[in-house]
Every structure is written in structure tokens, then in C-alpha cells.
């Protein structure tokens, strides 16, 4: 069994509890305009032009982004930091791209990890069929569940897809009493309207026994270099205002409703 | 707990920080006066040395500053550093260099120049131990030394490299004299062919012990005098109390917290006045030694936490006022700092193996945080039995960014010492000193003998035994680089060269150790390290219970990456011919930056948990270990290895041309067991995994430097993750890790406007130093690491 991934990053300290290794799956059903991992979108390997600086000069060389890896090989790499995970209460995070787009592999991986006593977090956009969640739920200790706004019309414009499936899947996980942290990218002018904030807040309030915590992910321009590397154009305009103000505002709303809020996750 | 520094301490601290480091001719003149008399020639060498010690302490100026709570100076005043012409004689040119060099300078005034010109040099020229050493080293040794293959620690400073055990706080000088008499009574003058030597050594120890008592009494005399004149009533009674303390210690064992600190300080001054030993001296496990005094004083209502803090801070200032005696030439380059490497240990385990952390451990950390001074350096021993709270507290101080405390693995240190043959009890009483060196405190003489330039040996291997810099055939002919048909042939040639140079180094060490045993015994230090009294044998002659000599490997990261680059590009992928590589290296990549790019960016590197590279680190480690470990030393001990550089990786880099890992000629080497600067790009867990592939337990210390920006310390959750990182490294038998918390902008700014950053301390390599006192190359290196880490 093989998966297409584009990175494995160790010592991730912002993708769930403890010290974690994060696997980045390649391929995503959504096309979020602000995506800062554009190399994660396409579900096949693609060329990437890398620039290294040496003695003031730039060296370009082409690399391939995305490679196939089989389950045992991946597990061997993930087990390398096992001692760190054990000491810190950390584990492995499946991220991407969308890890559940390659759900058979993801579920098998989560099962292996979970049976080895390793904490599994799945960072998902939620835009997959319900049976995918049914398959992975037994082996997942934590869902980092992205909500990219509540207003469906805006959601379609921003990501290319409706959010109704996403919200249904969330209802399912809540019903199953899964462990869930919501992640909300705050993109000024795109996802931070009053309707979006109120909508997400209402979901949390309705299910406050399950949904205790939300991470606000402020917009940043880290993606710029990557668009250049992919020789693609960045769909986001240059002049996006700083997200700090909006993040502060949203933070205070959720906090005043007694939710745990973290910035940057 | 949060106390505030008292005004008194603040004043003394400021005064110490402002004082100019300068050379004092006082000690050199006194010892010259003594050796000009007939006295030393009528007695044995150890007795003469003890008499010289007594002469210095009896005649040197007694200095007591306003407001001081702990008294005693090595020189005539704070930061006035004596010289040791019998060990190493400074020339007038050396003094001029010290006076004018931009970094780590020492002011030399006209009187000092005159004293050197008219008295000290005329007497000691041809008589110093350094000249004796250089005269006895053979051609091979001298040429290898010139080429920068190794350094020699004992060439300008005496061995010391030791730490006091509990005995220094439990026994007074009079108790030690009783011990001496007991051993003397048992001497077998008829059957023991060493009885004469033993008796002379024991006589010398007694003279030295009485000299220190006399020295303390001279302080008591002056304190009483000052007390009489003092008008401030509070200070008047304080001076009287200080005088009483100096009448009691070090003659008798201390009975209060204050006495314990003053007692230690007199002993410290004794050790660093007798000779100029490496790593000065060190109270070692201070939280353990002081705890009974602290507890008793508190129970009897004599000591508040504020007072305990103030006394400790007064004690700290004493260390800071005593910079390392100045070195010149290569020796200055290998360890270019005012730091004299006293490293206070807190935490760890008790002799029965249980958790040793006590309230004083935390109080001492409070002092470290409040004082923010260079000396003494501080470290926290972390055993698996110690609570995370101790690590959390350490991280709170580390994140303030002055490089202290460093973190050590008690369980690894114990395993290292036990492997070397120490008893489990002696090992548990140990810790780390100097930079990162494991030692059994109070019972071991563990000498560093010199750094070994591992990547230089590869350069020489690639040149068939020839050194391209000094243009000398230094090693055997092991074949030209082009003649190696496979990677193993290269490795075998490297091993042959490595063994060749280690033979030369060890042959030299064996002579040098004997010279110190014969000509420079240290009866005072011998009093306080077990079992010198019991054995009637000097510390420098193998009198200690355990005797160890280290050779410190430097540049294992650079060497590993260079070997890996050859293995990868020349033999495995065949992207590059050996011929081509050698040419490019000779030209220092001048016309071939793209090849340099290939070597730097597209080659496996040590520090990324990549076995392809890491296995080469393991191979080199095994070769080095095999060549050194367990061999006998000239004083009946064993040779061992450790992996630490102090600042020698800069000097060693300066004597090597371009290396196959893409490092350009003259650039610094990697330091300790850290990856090459910037070569690790898979985060700290990968670095730790790579480093843990070396078997730390078969060394006497390794050094790993990890720099973090303050963001990694932002909250309790973040600190818990760092705690887990350290715990895991230690679970994998890692010996030591230190954190530098800085960002590159701050450091750049400090380079532009150094005057604004006079208090900026960074961790260099096993110790901290003022950023402003670092050489530009060292500053650049620290900035490069920071940039890499912040990306």
C-alpha cells in the first residue's frame, strides 16, 4: 500500500499535543485562495524550482515535489521519534493536502500507529464522504477540523466547494463524541465576516460539551515563495490587510463564550 | 522565590564589571624572590614548592573591599591577574600582545613591564616548565603541533581539571594535618622504597595547609583593624564577625553557611595561587555541600533566604573577579576567554542514588538568574529521578538568553564514570566541570591534554601524509587520493594517519606528565583531593584515587560530512571524480561555486538522522576510541576520549584548506558533536537522534549546542515540549545539551553597537562568554547558527 506525500516534518509543536511528526499528504479536494501550501494541492508529483543562496549568489535547481511511500517505510520514519513522542505525550499528525483523500492508506496508517500506542491526530478539511470518517474514527485520537467560514456562498467562492458536506461530517464526529479541535483560518475580507464568526460560534455553543477549543490561523504570506517555485501565480492579491486586528476581535468573542482559543494552533 | 539584589551586592557587582583586567607582577616577583634565596635548594622539590606557596601567601597584599562579605583575592585587587613564570614565562612581546590585543586583553602597566624586564625574565629564562617541555618534544611532535594537528594543554597552564568533593566542606586544614601525621606514622622507612618521597610530599602538604591558615589569619588581622576604624556601627560589627570567621576557617571545618562559603573561597584561592591550573577550581555540587549548613542555620534562626542569597551572590562576585590567567599564541586561540571554567553543579543524585534536588538547588538558580555574570558558570544535573520542576526552572533562566545554565545527564555521567572503573558511590558524587567533562568530584585528577584536529587528519590523508599548509611530510605515505579504488581504502588510510598522530600525542603526554610530577608538584591541591594524603603522593604524580588523561576530538561533524561527501559523490553516485574534487579543494572552490553548491546543498549530512551520513560519524568515533581508550598514562592512569572544542574549532579551522563538505579554507569546524553549522535541517529531534548514535557512555563528555529563538519558550506548554526534548536526549544517553536563546538581529546590532551590549552573554561551547569579547569569526559563527535556526 502506497501513499503520495510531499513532506514528513519532525519536531512539530503546533499540530496537536506534545512533540509530533507530521505527514503531509499530497492532493486536496479544495482550492482555498489563501492556501500557503500550494504544492500540496495537486494529487500527483510536480516539478518545483528551488533557490539556494550561497556566497550572495542564487542557485536554482529543479526538484520533484511529492513522492510515493509505502506503509512500512513511512512507519519506520515515524517510529524514529517515538521516544520524543512518549516523553512529551505527542504523536503523529496526518496533514496535507488532505490526508483523507487517500483514506484507505490513512486509515491503515492510523490503525498501525494507534495499535503501537502512538497518539494520532488528523488535520482535515472535512470534505470527504462520511464513510471515510467512519473508517478512520476508531484509530484517531484527535481531529483538527478546519472550518473555513460558515457562509456557504462565500465558502464556494473561497474554496471552490460547498461546506454542507463538511458541516455534516462535523455533526457526525460530534455525535460520535470524537475529540475535536476546530481550526479557523482568519483571512481578512474572506472568512472573517460577522456571519462566519457567528455561524461557527453557534455550532460550538450547540455542542459545547464536545467542541471546547478553537485555533485561529491568521493569514500569512509564506506561500509566496512556493508559488514562485511552482511557477504558478498566487491567486491572492498582494494587499491583504494584516490579520492581527481581526484575529484579536474573533478571539475575544470566543473567549467571552468560555471557549479555549489559541492563535496559530 | 524572588529576592531583589541588595544595594551592597549591586555595588560590588558593578565594581567588578567595571574593573579592568590587568596583569599583576606581584606573585611573579614574590616567587622570584623566594627562588633567589638558598632555601629551595636545601630541601626536596615538593617542600620547596610548599615553601614558595607559603612565601607568596605570607607576603602578598591583603585586599578587602567596602561591603564585602566574602574576602580574599588572588591578586592585589579584583581582576589583577598574577602570572606563573615557573610554569610559563611571558616574554615582553607576550605582554605587549596581551596589552594591545583587541579581545581578552590584559592591561600591562610600566612597572610590570619593568619588573619583567629587570627581574622576572632574567631569573626564569630557561627555567620555566614550558621551556622544559618544548626542549624535550621531538621533531614529530613539534611539527605536528606547528601544523595544528593537536594542541597541548599543559604547555602554559598546569593540570588541574578537578573539583572538590564533600571533604572540602567537612574538614579543616588542622584535620588534614592530623591525617598527614597519621599517614606519616605508618610510613615504612625500612621496606618501602618510596618512603622518602612520600614523607617529603606529606611534609610539603603540611606546610601548604599551615600557609593557608596563616593567609586567613592575615585577613582576620586586617578585618579587626578595619573594624576598629569603622564608624558605621553595622559594618563595624560585620567586620568583627568576618574576622572571627577568618580565625576559624579554613583551620577548622566550617560550622555555618557563611563560614562554609568563606572556607571554600580560601581553598579556591590556595589552589589558584599555587599554580595556574586549568579550570581554576570548583566547589562542584554546591547545593549538596551547603545544604546541611543552610538547614542548620535556618533551624537555629540564623539565616533568612534573603541573607543566604546575599551571601551566595557575594560568593558569585568573587568568582567573576578572577579571570583566567592569560595565555598566548596557540593556547590563547584554543581557549580565548576570561572565563576560568568553574562550573557550579546543582541537582543530580545523592551517594545512595536518590533524588538530590533540595530547596538550595532552586535558591542557587535564583542567584544565577539575578547575577547574570560570566563566572562562575552554572549547570543543572538532570537524572531520571529528578523532578521536571528543576528543568522548568532551568528553562526559565535559559530563556532570558545569557546561556546558563547548561543541562547535563546525571545518569549518563554515572555510567561513563563507572565504565572507567570508578565505584558507583564515587560516580554518584561526581558531575561535570570545565566545559562538559565528567569527573568523580574530590577523588579524580582528570586532565585534558589537548584537542585533536580530526578533519585536519583527513586533509593530510587526502595528501598522502603531506601537510599542504606547512609543506611538510607529517604522516606516513598511505597513498594519493586518486589511488583509492574504493571508500574503504580511504577509510583505512585515514585510520593509519589517525593512529600515527595519536601515537605522537601520547608519547608527548607521557613526558609532560612526568615533568609536572617531578618539577611542579602541587602539595596544596593534593591536600584536598583524595587519596593524595593517604598515598603520600602528589596530585600531579598520580596521587588521586582516579587518574585520567583525555584527548579531546574536535570537528567530528566536519569530518563526517567530508567523508560522506566523498563516499556519496566520488564512490557511490560517481558525480565527481576524486581528481576533480582534489583540484577544486586546492583552489578553495574559487572557480567552482556550483560544485560547492552541490557539496553543501545536495549531499547527505550528519545531524539529520540519516544513517548514510551518521554511520560515518560512528566509524570515526570507533577509530578514535580504539586508538586512545584504556591506554596507560605516565602517572598510572588511563587515557580516555571526549568530544568538546571550547574555541579550538576556530583555530583548527584556520589551519585547514577547503574540505569536501563544502567548507571553505580557514573557516571554523563544527563544534563538539553538533552538526556542521547550518547542515541540519530536520529539526532538533533529528539532530538529537544523530548525536545519540555516538556512544556517549564510552566518552568522558560530549557537547551539543542547540540554539532556539525565544519563541520556543513562550509558555508553559512550550517549555514542557523542550523538557521532553531534553528528557529524550538523556534517555538516549546524551551527555549534555545547551540552549542559546537569541535572534540574529540582536546579535547583528550588538556587532554594530557593541557599547550597547556590554552585558550580552551567549553560550559559546560548553561555556558562556560576553558577545563583545568574542573574536569576529566566533561572532559570525554564532550569528550564522541563529539565522539558520530562525528560518
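Chains as they are written, first to last, in my numbering: chain V, 1 to 265; chain F, 1 to 791.
Virtual Cβ for every residue (Gly too), placed ideally from N, Cα, C.
Assuming contact is defined by CB atoms lying nearer than 8 Å, are residue i and residue j in contact in what I supplied?
i: residue 595/F; j: residue 657/F; result: no
i: residue 368/F; j: residue 407/F; result: no
i: residue 394/F; j: residue 405/F; result: yes
i: residue 330/F; j: residue 151/F; result: yes
i: residue 150/V; j: residue 200/V; result: yes
i: residue 445/F; j: residue 547/F; result: yes
i: residue 49/F; j: residue 476/F; result: no
i: residue 88/V; j: residue 724/F; result: yes
i: residue 518/F; j: residue 45/F; result: yes
i: residue 484/F; j: residue 371/F; result: no
Between the Cα of residue i and those of the options, spot the shortest distance and give me the residue it belongs to.
i: residue 537/F; options: 71/F, 60/F, 200/F; result: 200/F
i: residue 174/V; options: 104/V, 43/V, 143/V; result: 143/V
i: residue 101/F; options: 778/F, 773/F, 43/F, 498/F; result: 773/F
i: residue 247/F; options: 224/F, 257/F, 236/F; result: 224/F
i: residue 123/V; options: 77/V, 94/V, 208/V, 141/V; result: 94/V
i: residue 242/V; options: 258/V, 59/V, 217/V, 46/V; result: 217/V
i: residue 447/F; options: 542/F, 33/F, 561/F; result: 542/F
i: residue 260/F; options: 751/F, 71/F, 239/F; result: 71/F
i: residue 227/V; options: 37/V, 52/V, 188/V; result: 37/V
i: residue 491/F; options: 580/F, 438/F, 567/F; result: 567/F
i: residue 795/F; options: 130/F, 714/F, 183/F, 669/F; result: The structure shown does not extend to residue 795/F, since chain F is modelled only from 1 to 791, so the question has no answer here.
i: residue 75/V; options: 132/V, 23/V, 138/V, 12/V; result: 23/V
i: residue 553/F; options: 682/F, 702/F, 479/F; result: 702/F
i: residue 96/F; options: 89/F, 104/F, 108/F; result: 108/F
i: residue 707/F; options: 203/F, 684/F, 417/F, 689/F; result: 684/F
i: residue 316/F; options: 13/F, 717/F, 752/F; result: 13/F
Can you have a look at residue i and say buried or exposed, based on whether 16 or more other CB atoms are within 10 angstroms of its CB?
i: residue 550/F; result: buried
i: residue 181/V; result: buried
i: residue 99/V; result: buried
i: residue 158/V; result: buried
i: residue 1/F; result: Here residue 1/F scores only 45 on pLDDT, less than 50, and its place in the model is too uncertain to base an answer on.
i: residue 766/F; result: Its pLDDT being 45, under 50, residue 766/F is placed unreliably by the model, and nothing is read from it.
i: residue 512/F; result: buried
i: residue 49/V; result: exposed
i: residue 128/F; result: buried
i: residue 300/F; result: exposed
i: residue 650/F; result: buried
i: residue 346/F; result: buried
i: residue 26/F; result: buried
Rounded to whole angstroms, how far is the Cβ of residue i from the Cβ of residue j, which I believe are closer than 8 Å?
i: residue 29/F; j: residue 147/F; result: Residue 29/F to residue 147/F, Cβ: 37 Å. No contact.
i: residue 687/F; j: residue 607/F; result: 5 Å
i: residue 229/V; j: residue 31/V; result: Actually they are not in contact, since the Cβ atoms of residue 229/V and residue 31/V sit about 18 Å apart, beyond 8 Å.
i: residue 43/V; j: residue 101/V; result: 7 Å
Tell me the rounded alpha-carbon separation between residue i and residue j.
i: residue 736/F; j: residue 433/F; result: 12 Å
i: residue 76/F; j: residue 470/F; result: 43 Å
i: residue 16/F; j: residue 313/F; result: 12 Å
i: residue 360/F; j: residue 83/V; result: 32 Å
i: residue 298/F; j: residue 282/F; result: 25 Å
i: residue 175/F; j: residue 528/F; result: 11 Å
i: residue 259/V; j: residue 236/V; result: 31 Å
i: residue 132/F; j: residue 624/F; result: 29 Å
i: residue 263/F; j: residue 252/F; result: 9 Å
i: residue 794/F; j: residue 375/F; result: Residue 794/F falls outside the range modelled here, since chain F spans only 1 to 791, and no answer is possible.
i: residue 373/F; j: residue 78/F; result: 15 Å
i: residue 791/F; j: residue 219/V; result: Confidence at residue 791/F is low in this model, with a pLDDT of 39, below 50, so its placement is unreliable and no value can be given for it.
i: residue 279/F; j: residue 339/F; result: 9 Å
i: residue 165/V; j: residue 152/V; result: 11 Å
i: residue 664/F; j: residue 590/F; result: 10 Å
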